[in-house]
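**Q** Here it is, the structure, as structure tokens.
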Amino acid sequence: MDQTPSPSAIDEFRRFVEAGQHSGIAALLAPDVQFNSPVKFHPFTGREMVAGLLSVVGSIFEDFRYVGDQRGTSTSRTGDVAHAGTLEFRARIGKTQIHGIDLIELGDDGTIETFTVMIRPRSAADALGAAVYEGLVARGLV
Numbered sequence: 017m018d019q020t021p022s023p024s025a026i027d028e029f030r031r032f033v034e035a036g037q038h039s040g041i042a043a044l045l046a047p048d049v050q051f052n053s054p055v056k057f058h059p060f061t062g063r064e065m066v067a068g069l070l071s072v073v074g075s076i077f078e079d080f081r082y083v084g085d086q087r088g089t090s091t092s093r094t095g096d097v098a099h100a101g102t103l104e105f106r107a108r109i110g111k112t113q114i115h116g117i118d119l120i121e122l123g124d125d126g127t128i129e130t131f132t133v134m135i136r137p138r139s140a141a142d143a144l145g146a147a148v149y150e151g152l153v154a155r156g157l158v
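Residue numbers (the numbering used here): 17 to 158.
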């Protein structure tokens, strides 16, 4: 594992999100990327599904901003040590304030292999879950 990836898919992901350019995210995702949702037990899998999901989320959040960025390593879902990052964010959906983190793990090829989102408070997770489901249905992804 290279110890100094730069720029990494995490940096590129953050740039795309902050610029509202969600169409560029798909190229950063591994073909078998796994997305762990804060409101669904089973993960979403596959580049097309996860890219679509992230695009829906990007269209729902208002006043989205990253407020923290930590980098390091983690044990991947395959048991290997992976480059990882945690991007802390704040946003809102209507009047509901959201505080969350994106936990991102990279594969050996540098693409995003696992993406986990955690949201608080619960009312925010509930609002996000309902809005995302509507967006996924509207785009024919579920």
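Quick reminder that beta carbons are idealized off the backbone N, C-alpha and C, glycines included.
For Lys111, tell me which candidate among Ser24, Glu64, His58, Glu78 has the shortest Cα-Cα distance.
**A** Residue numbering aside, residue 111 sits at position 95 when the sequence shown is read from its first letter. Of Ser24, Glu64, His58, Glu78, the residue nearest in Cα terms is Glu78.
**Q** Does DSSP put His58 in a helix, a strand or coil?
**A** One-based indexing of the sequence shown puts residue 58 at position 42. In this structure, His58 counts as coil in the three-state DSSP scheme.
**Q** Look at the Cβ atom of Ala98, then the Cβ atom of Glu129, and state whether they are nearer than 9 Å.
**A** Translated into positions along the sequence shown, residue 98 becomes position 82. Translated into positions along the sequence shown, residue 129 becomes position 113. Result yes, Cβ atoms of Ala98 and Glu129 sit closer than 9 Å.
**Q** From Phe105, Val72, Arg106, Asp48, pick the residue whose C-alpha is nearest to that of Ala146; which is it?
**A** Numbered from 1 along the sequence shown, position 130 holds the residue referred to as residue 146. When only C-alpha atoms are compared, the closest one is Val72.
**Q** In this structure, how does DSSP classify Leu122 when only helix, strand and coil are distinguished?
**A** For the purposes of this step, residue 122 is identified with residue 106 of the sequence shown, where counting begins at 1. Here Leu122 sits in strand by DSSP.
**Q** Throw me the rounded Cβ distance for the Phe131 and Asp118 pair, which I believe falls under 8 Å.
**A** Mapped onto the sequence shown, residue 131 falls at position 115. Mapped onto the sequence shown, residue 118 falls at position 102. Yes, Phe131 and Asp118 are in contact; Cβ-Cβ is about 7 Å, under 8 Å.
**Q** Are Gly88 and Leu152 touching if we call contact CB-CB under 9 Å?
**A** Against the sequence shown, residue 88 aligns to sequence position 72. Against the sequence shown, residue 152 aligns to sequence position 136. It is not a contact, given that the beta carbons lie outside the stated cut-off.
**Q** Over the uninterrupted beta strand (DSSP E) stretch that includes Ser90, give me the two end residues.
**A** Within the sequence shown, residue 90 is the residue found at index 74, counting from 1. From DSSP, the beta strand (DSSP E) with Ser90 extends over 78–91.
**Q** Find out if the Cβ-Cβ distance for the pair Tyr82, Glu34 is shorter than 9 Å.
**A** Here the question's residue 82 lines up with position 66 in the sequence shown. Here the question's residue 34 lines up with position 18 in the sequence shown. In contact: Tyr82 and Glu34 (Cβ atoms closer than 9 Å).
**Q** Grab the span of the beta strand (DSSP E) containing Asp27 for me, first residue to last.
**A** Along the sequence shown, read from residue 1 onward, the residue named residue 27 stands at position 11. Not the beta strand (DSSP E): Asp27 falls in the alpha helix (DSSP H), residues 25–35.
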